[in-house]
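Asker: Here it is, the structure, as structure tokens.
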Amino acid sequence: MKRVFFPDDFDRINKKFFNNIRKNRSFQHDPSGWLETESMASKFLDLEPRFIEYKSDYQNQLSIQKNKIINLLNNWENETLHQDNITLTNSVTSGSLITLLMLKQTGFKKIFFETPTYFGTIKQAESLGYEIEFIPAYYHENFEYPLPQNPHKNSILWTTQPRTSIGINQEKSRLSKALSEGFFLVIDEATETLFPSFLSHLSPKENKSIIKLRSFVKCLGVNGIRLSTIIHHNKYRLDLMNALEAFQGAIDLNSLEMVVRLASNTKKIQNAMEIARNQVKSNYSDIKLNCTSESIVPLNIDNGYISSIILKYQDKGQSQIKNRESLLRFFSKNNTPIILGSTMRFPIHHGFEFIKVNYFKNQTNLIGAVNLLHKFLLSDNSK
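Following my numbering, the numbering of the sequence shown begins with 511 at its first residue and continues without gaps.
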């Protein structure tokens, strides 16, 4: 058959002919590129020149900004990272997608998700065609779980730190065992508030089988600043960079500049994390005081800001499905949306329900929801 199209071999061409020119920005001319463009319209709109160019963590385009950000990460990780050990992304969600794509392209096929886990990552893995297995972790076992036996050499263990929706720190010995047994370990640290980080002893820079995903300010309850990072061994930098270009593109300029400014004062960031932890502790204490029924139990929260409340259903004879529907109807009638444990992939706990709690919500939201849980238990709906 006569060829109609050449394949898109940009990466091959760039690597063979132009990579060093672009990396060093040693252009004689650059008619096709996306850097150092001009915009007459921007002058008409009185926009500053900094708004014209793309800001993407491609090659060394952000080397100045990354040097300042790395200073924060080195203190946070108790580590000495280099530019090729981090890849900047718009969010941990986009970072997880880029990581999943890179690992799939390098031969990984199966993911074991520790539970509970983040729903978005599951949907990403499904879309990319991974074989997925969930590892159940139960309340009555303190959410401990055994590692899967005899993992395939191309298997990923996907975890969160702190563990999402239960607010506890990881079991360090289990993660070390997972690495020794051949798992590739990805740690989503979007809500990590400890400084140095709780798992700073696990170094992606030194260990090719570890990748960490980290948000800079999400852990502080600041969501409008859109910048996160993938922390990785330098061997993955090129593949992550190429995945970044295909699945993300440019970074928001204002977010980048804000994180660079915040990163210049590591001590202030550290103090902000302490303030965030104290806010969470205070709200948790208030919720616990208001949970006066033995059937309403807030899970302890040691780190981060996402945990859950356990509701013990009154009617043990009624099916779990009917209990859930009764609970949801009650909260719907009271104009109070809730997120149940199934969304976070809690395994089924017969007679129990897990309800997600965001401890950055104000007391009106938190205490009001707890009061509704008490009313539900006293209502005909719960019987």
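For every residue, glycine included, the Cβ atom is placed at its ideal position computed from N, Cα and C.
Only counting the same chain, and skipping five residues up and downstream in sequence, which positions put a Cβ closer than 7 Å to that of S707?
Answerer: W586, E587, E699
Asker: Do you know how far the Cα of T609 is from the Cα of P661?
Answerer: 20 Å
Asker: Anyone know if the C-beta pair for D749 and N600 falls short of 8 Å?
Answerer: no
Asker: Can you find the residues in the same chain that come closer than 6 Å, C-beta to C-beta, to N800, ignoring five residues on each side of it along the sequence?
Answerer: Contacts found: I877, V880.
Asker: Taking only the alpha-carbon atoms, compute the straight-line gap between N872 and N679 and give it to the nearest angstrom.
Answerer: 24 Å
Asker: Hey, L704 and L737 are a contact pair by Cβ (cut 8 Å); roughly how many whole angstroms apart?
Answerer: Not quite, the Cβ-Cβ distance comes to about 20 Å (not below 8 Å), so this is no contact.
Asker: Does the Cβ-Cβ distance between K718 and I741 come in under 8 Å?
Answerer: no
Asker: Which residues in the same chain have their Cβ closer than 8 Å to the Cβ of F757, if we skip the five residues on either side of it in sequence?
Answerer: S604, L607, I608, L611
Asker: What residues match up with V696 in a beta bridge as DSSP calls it?
Answerer: W668, I721
Asker: With a threshold of 16 other CB atoms inside 10 Å of the CB of E863, please say whether the residue is buried or exposed.
Answerer: The residue is buried, with at least 16 neighbouring Cβ atoms inside 10 Å.
Asker: Scan the segment 740 to 808 and note each continuous beta strand (DSSP E) run of 3 residues or more that stays entirely inside, going in chain order.
Answerer: 806 to 808
Asker: Does the separation of the CB atoms of K715 and E589 fall below 8 Å?
Answerer: Their beta carbons are under 8 Å apart, which means K715 touches E589 by this criterion.
Asker: Assuming G677 and D812 are in contact, meaning their beta carbons sit under 8 Å apart, how far apart are those beta carbons, in whole angstroms?
Answerer: Correct: roughly 6 Å between the Cβ atoms.
Asker: Does L730 have its Cβ less than 8 Å from a Cβ in chain D?
Answerer: Of the protein chains in this structure there is only one, and it is not chain D.
Asker: Between I816, D825, S774, G851, which lies nearest to V867 when the distance is taken from Cα to Cα?
Answerer: I816
Asker: Roughly how many whole angstroms lie between the Cα atoms of L582 and S774?
Answerer: 7 Å
Asker: Just to confirm the assignment, what range does the alpha helix (DSSP H) spanning I531 have?
Answerer: 529 to 534
Asker: Quick check on T627: does DSSP put it in helix, strand or coil?
Answerer: coil
Asker: Quick check on M550: buried or exposed, where buried means 16 or more other Cβ atoms within 10 Å of its Cβ?
Answerer: exposed
Asker: Just mark D567 as buried or exposed, buried being the case when its beta carbon has 16 or more other beta carbons within 10 Å.
Answerer: buried
Asker: What residue from V769, L772, Y648 has the CA that sits closest to I820's CA?
Answerer: Y648
Asker: Mind checking whether I645 and T670 have CB atoms under 8 Å apart?
Answerer: Inclusion of I645 and T670 in the CB contact set at 8 Å is not warranted, their separation being larger than that value.
Asker: Taking 8 Å as the threshold (C-beta atoms), are L613 and I531 in contact?
Answerer: no
Asker: Do the segment 558 to 576 and the segment 535 to 545 meet, that is, are 3 or more Cβ pairs less than 8 Å apart?
Answerer: yes
Asker: Whole angstroms is fine: what's the gap from E654's alpha carbon to Q828's?
Answerer: Roughly 28 Å between the two C-alpha positions.
Asker: Tell me, which residues are paired with S818 by DSSP?
Answerer: In the DSSP output, where bridge partners are listed per residue, S818 has K866.
Asker: Between L882 and the rest of its own chain, which residues show a CB-CB distance below 7 Å, the 5 nearest in sequence each way excluded?
Answerer: F841, N844, T846
Asker: Taking DSSP's pairing of strands, which residues face F894 in a bridge?
Answerer: With the chain covering 511 to 893 only, the question about residue 894 has no answer from this structure.
Asker: For F622, list the residues DSSP reports as bridge partners.
Answerer: The partner list for F622 (beta bridge, DSSP) reads E643, L667.
Asker: Using the Cα positions of N454 and I523, report the straight-line distance between them to the nearest angstrom.
Answerer: Since the first residue of the chain shown is 511 and the last is 893, residue 454 is not available in this structure.
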